[in-house]
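In the working numbering, the protein residues as written are 1375 to 1457.
Yeah, the Cβ is synthetic: ideal placement off N, Cα and C, and Gly gets one too.
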């Protein structure tokens, strides 16, 4: 087992503190968390990475939903059409 634990700066880098991140960056951060979990780390650290990853994926899902809503508008007949 390695002695490396995620410090606060690495957590900020992995989790990304910017609200305006693009989806590619968000998914790249999730991939970094997964790669870190595949290392020989403690169970506690694995749980921390898992929790961070799930929060990041939730943020991705919210961003995708927001983008989809911007792309659809209701026409006069009540039908959804692309913006």
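Mapping the DSSP letters down to three states, classify residue i as helix, strand or coil.
{"i": "residue 1395", "result": "coil"}
{"i": "residue 1403", "result": "helix"}
{"i": "residue 1413", "result": "coil"}
For residue i, collect the residues of the same chain with a Cβ closer than 7 angstroms to its Cβ; drop the 5 residues on either side in sequence, then sort them by chain order.
{"i": "residue 1404", "result": "1427, 1430, 1431"}
{"i": "residue 1433", "result": "1400"}
Between residue i and residue j, is the Cβ-Cβ spacing less than 8 angstroms?
{"i": "residue 1423", "j": "residue 1400", "result": "no"}
{"i": "residue 1436", "j": "residue 1447", "result": "no"}
Per DSSP, residue i is paired with what?
{"i": "residue 1455", "result": "1447"}
Less than 6 angstroms between C-beta atoms, sequence neighbours within five positions excluded: which residues of the same chain meet that for residue i?
{"i": "residue 1411", "result": "1420, 1423"}
{"i": "residue 1377", "result": "Its pLDDT being 48, under 50, residue 1377 is placed unreliably in this model, and the coordinates cannot settle the point."}
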